[in-house]
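I have placed the structure first, in the form of structure tokens, so that the comments after it can refer back to it.
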Amino acid sequence: MLISELDTPALLIDLDIMERNLAKVAAYAKKHDLRLRPHTKTHKIPALARRQLELGAAGITVAKTTEAEVMLKAGPADLLIAYPVVGAAKLERLRALAEKTHVTVALDSLEAARMIADAGIRAGILVEVDVGLGRMGVTPDQATLLVEEIIRLPRVEWRGVAFYPGHVKDPNNEQEIAQLQTAILELVDRFVAMRIPAPIVSGGSTPLLWHSHRFDGLNEIRPGTYIFNDRNTWAGGACARQDCAATMMATVVSVQGGRMMIDGGSKTFSSDKLSTGGPGFGEIVGAPGALFHKMNEEHGYVDISKAERGFAVGDRVSVLMNHVCTAVNMQERIYGIRGDEVVETWVVEGRGKLQ
Ligand SMILES: Cc1ncc(COP(=O)(O)O)c(C=O)c1O
29 MLISELDTPA LLIDLDIMER NLAKVAAYAK KHDLRLRPHT KTHKIPALAR
79 RQLELGAAGI TVAKTTEAEV MLKAGPADLL IAYPVVGAAK LERLRALAEK
129 THVTVALDSL EAARMIADAG IRAGILVEVD VGLGRMGVTP DQATLLVEEI
179 IRLPRVEWRG VAFYPGHVKD PNNEQEIAQL QTAILELVDR FVAMRIPAPI
229 VSGGSTPLLW HSHRFDGLNE IRPGTYIFND RNTWAGGACA RQDCAATMMA
279 TVVSVQGGRM MIDGGSKTFS SDKLSTGGPG FGEIVGAPGA LFHKMNEEHG
329 YVDISKAERG FAVGDRVSVL MNHVCTAVNM QERIYGIRGD EVVETWVVEG
379 RGKLQ
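Residues are numbered in my numbering as their position in the sequence shown, beginning at 1, plus a constant of 28.
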């Protein structure tokens, strides 16, 4: 099938770019002896998780137990749920998962660890430490106390620590990197001093990916966005424009003076802003002067008064999205392309798996 035969909006993945991204990160992890446990929240497709495992990933990461159920299809020998599993229904799912593969849960409280232990589930635990994002995670002081308590719980096994440096958007900010280096080293040293060295020290995000080897003590990385990259990854400087594999193809449905509408709005695109600042929900490829500035559910408003080219009803445009992960989660299917052809159609099986 040709791309021109696809209906819109349609999220397209350039397979050559995706394969290059996957191979580059797999080679980097191997070279620096880092376990790669990619976060599958970006693609939510078991076939792509399988590809990551084929290329040497030691396991995969998910956020939710229902996503984990979907990702079992990829056959991971090791599955990290990088999110506390709290609540009876989720614990039941965790129990079933733990019977099928090696499962680890990242959490930041004794309560959450006890829920797993009290439910009699055999699972690994990573204690999450806050390294600056201010989202989840205990302080390094609290981490050692929490680990001492978790070690005493039955059935669960403490496997190490996890952190997510989502606050660092600029990979060239050496000051933030230095702070993170110190924080990780101090954390690791605490456990060494207590004579319980952490077997797993898991971190990593796409913006900091290529600096991972500079963090002494870090032995596992969990990037997610790197498989496709997006406008935010590019704008932040963690990838080049030619490393962005995903675009949304949309159709122009109205042109009125300096304004056009495309056939996708907030039910198609992520509403994330550009993390480096600046307006727009994505770049219109080939016409960066066009400003995709507003969305209703099914309408994308594009100001074309400063666009480099003209547009007419029926034209197709490609949008480089600010944030690809949330956009993928809104699609039933996404398409792998080579040249003019659609060569893969993937059902986004993990779409909407939020529990
Ligand atoms: C806990 C955790 N680990 C890893 C990642 C992957 O980071 P990135 O999307 O920058 O690749 C995320 C992203 O949200 C995350 O929340």
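The C-beta atom is built at its ideal place from N, Cα and C for all residues, glycine as well.
Taking 6 angstroms as the cut-off, the C-beta of residue 96 does not count as close to any heavy atom of ligand 1. In the DSSP annotation of this structure, the continuous segment of the beta strand (DSSP E) that includes residue 287 starts and ends at 287-290. Under the three-pair Cβ rule at 8 angstroms, the region 72-79 does not count as touching the region 51-60. Residues 74, 77, 78, 81 and 88 of the same chain have their beta carbon placed closer than 7 angstroms to that of residue 102, with the five preceding and five following residues left out of the count. Residue 143 sits in a helix when the DSSP states are folded into three classes. Unbroken beta strand (DSSP E) runs of no fewer than 3 residues, entirely contained in the region 212-283, are found at 228-231, following chain order. In this chain, the beta strand (DSSP E) harbouring residue 38 covers 38-42. For the 7 angstroms CB-CB criterion, residue 109 and residue 133 form a contact. Only residues of its own chain outside the window of five on either side were considered, and among them 152 have a CB closer than 6 angstroms to the CB of residue 185, listed in chain order. When DSSP reads this structure, residue 90 sits in a beta bridge with 109. Residue range 168-179 is occupied by the alpha helix (DSSP H) that includes residue 169.
Residue 196 is not a Cβ neighbour of residue 171, given a cutoff of 7 angstroms. Contact between residue 351 and residue 294 is ruled out by a C-beta separation of about 13 angstroms, above the 8 angstroms threshold.
Within its own chain, the residues whose Cβ lies closer than 7 angstroms to the Cβ of residue 141, once the five positions on either side in sequence are excluded, are 135, 153, 178, 181 and 184, listed in chain order. Distance from the C-beta of residue 132 to the nearest heavy atom of ligand 1 is not below 6 angstroms. In this structure, residue 63 lies away from residue 214, with their beta-carbon atoms at least 7 angstroms apart. If you ignore the 5 residues before and after residue 125, its C-beta comes within less than 6 angstroms of the C-beta of 96 and 131, all in its own chain and listed in chain order. With a threshold of 6 angstroms, the Cβ atom of residue 250 counts as near ligand 1, since some heavy atom of the ligand is closer than that. In chain order, 64 and 66 place their CB closer than 6 angstroms to the CB of residue 85, counting only its own chain and leaving out the 5 sequence neighbours on each side.
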